[in-house]
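Presented below is the structure to which this report refers.
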Amino acid sequence: LRATGQQQRDLVLVPASAHGTNAASAAGAGFSVTVVATAEDGSIDVDHLRELLAEYGQRVAAIMLTYPSTHGVFEPQVTEVTALVHDAGGQVYIDGANLNALTGLLRPGDLGGDVSHLNLHKTFAVPHGGGGPGVGPVVVKEHLAPYLPAGPAGSALPTDEDHDRGFGGAAAMGARFGSAGVMPLAWTYLATLTDADLRRVTLTALAHASYLSQALADVFPTLYTHRGHVAHECVLDLRALTAATGVTAEDVAKRLIDYGFHAPTLSFPVAGTLMVEPTESEPLTELDRFIAAMRSIRAEIDEVASGAVALEDSVLRRSPHTLAAVTAEPWKRPYSRATAAFPLAGMETDKYFPPVSRVDNAWGDRHLMCTCPPPDAFEAHEA
Ligand SMILES: *Cc1c(COP(=O)(O)O)cnc(C)c1O
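Following this line, the structure appears as structure tokens:
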């Protein structure tokens, strides 16, 4: 913007459905952030976008959008959105976190994107989680190439020229703080697959998500669908069930651990929902095992709904169950040990027990605790 004399562009548009990292990145780079509303079907509210562009057009530096959206649907009007922003003189940043739904089918640039990042830990076989910093390429169209923080070939180190453009910090940070160890994994994944394979990976991920969404529709309806389908993830809406029974999405997430599942994304991007992203890598038996667990949990919720079980005493609210809890004497819960630990037939042979039961997540987040041993513990070892 400085190079083209457009310093007045100080605003970044971020859809309400975006991941928090988008608004945070824009703010971190010194921009103001304006939120674009969500339409009823979960996509970007194009009318609101038009209003914002009419009012702030000359100030708009970029829009940061996710495709398919975080609501788990392909937005049919995405190219209209990107064209509107381009017409107003803004750039389009496509959040690349959902590339698992695009790889082999289309490129972010085909949608009108000028910049995109690829989360190696979301698309290229690298496990998501651990809370560490991510690492991955940032790709741009040619007109932005001169502004990339390019170090010497094969190196992530910034050059003097980068410092002149003010990019040294970003490149240096990537090199010093990124989880470089994930790169060989992503590289190996890509090296062992052909383009046709990658396309099949994507189609499989899409099929898996719609399969789950449709198989659970009568017990946990999907919030946003297009013509009955979702993209690579589905937002299961528990809000009506919560209003009727008091059973929360968190109760379901915790109870899933008893069934041997790591909980899906909780209350994001919509509070009171579970977002399920099965990916391409689960076999049909595993998808069906998940569906069986969710249907069984729905039956447990129905017992609360009918008044047969009080919510506070329910196997849902008192989940997850550790091995210590299940073997405790005397057993004082209104459901059986078997219901707690082996809610589905066949679980006895392959049971995962969580190490802790329900904790107060918010309390834990607000009270940091250092578990490092004191320095003298190391001295004693050396001696
Ligand atoms: C996960 C995610 C991000 C953030 O990526 P991280 O590197 O995991 O922090 C950004 N946008 C969307 C849509 C995501 O799903």
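With the working numbering, the residue at position 351 of the sequence shown is 356, and numbering never jumps. Even glycine gets a Cβ: it sits at the ideal position worked out from N, Cα and C. Computed from a predicted structure; not experimentally measured.
Rounded to whole angstroms, how far is the Cβ of Ile306 from the Cβ of Leu246, which I believe are closer than 8 Å? 6 Å
Between Glu56, Ser22, Leu271, which lies nearest to Leu70 when the distance is taken from Cα to Cα? Ser22
Compare the Cα-Cα distances from Leu292 to each of Ala210, Leu373, Thr227, Thr344 and report the closest residue. Ala210
According to DSSP, simplified to helix, strand and coil, what is Pro20? strand
Write down every uninterrupted run of the beta strand (DSSP E) in the stretch 272-354 whose length is 3 residues or greater and which is fully enclosed by it, in chain order. 278-281
Cβ of Leu126 versus every heavy atom of ligand 1: is any distance shorter than 8 Å? Note that residue 126 is His in the sequence shown here, rather than Leu. Result yes, Cβ under 8 Å from ligand 1.
Going by the CB atoms, is the gap between Leu217 and Val281 shorter than 9 Å? yes
DSSP three-state assignment for Leu195, whether helix, strand or coil: helix
Can you say whether Tyr98 is buried or exposed, counting buried as having 16 or more other CB atoms within 10 angstroms of its CB? buried
DSSP three-state assignment for Asp202, whether helix, strand or coil: helix
For Leu16, which residues from the same chain have a beta carbon less than 8 Å from its beta carbon, with the 5 sequence-adjacent residues on both sides left out? Phe36, Ser37, Val38, Thr39, Tyr61, Arg64, Val65, Ala66
Any contact between the stretch 301-315 and the stretch 235-242? By contact I mean 3 or more CB pairs, one from each, below 8 Å. no
Top-ranked residue by Cα proximity to Asn105, from Val120, Thr128, Arg244, Ser121: Thr128
Out of curiosity, what's the CA-to-CA distance linking His122 and Ala130? 16 Å
For the alpha helix (DSSP H) containing His91, name the first residue and the last one. 83-92
Assuming Leu116 and Thr75 make a contact with CB atoms under 8 Å, what is their CB distance in whole Å? About 16 Å; that fails the 8 Å criterion.
Are the stretch 345-364 and the stretch 256-270 touching by the rule of at least three beta carbon pairs closer than 8 Å? yes
Say yes only if the C-beta of Gly114 is nearer than 8 Å to one or more non-hydrogen atoms of ligand 1, and no if none qualify. no
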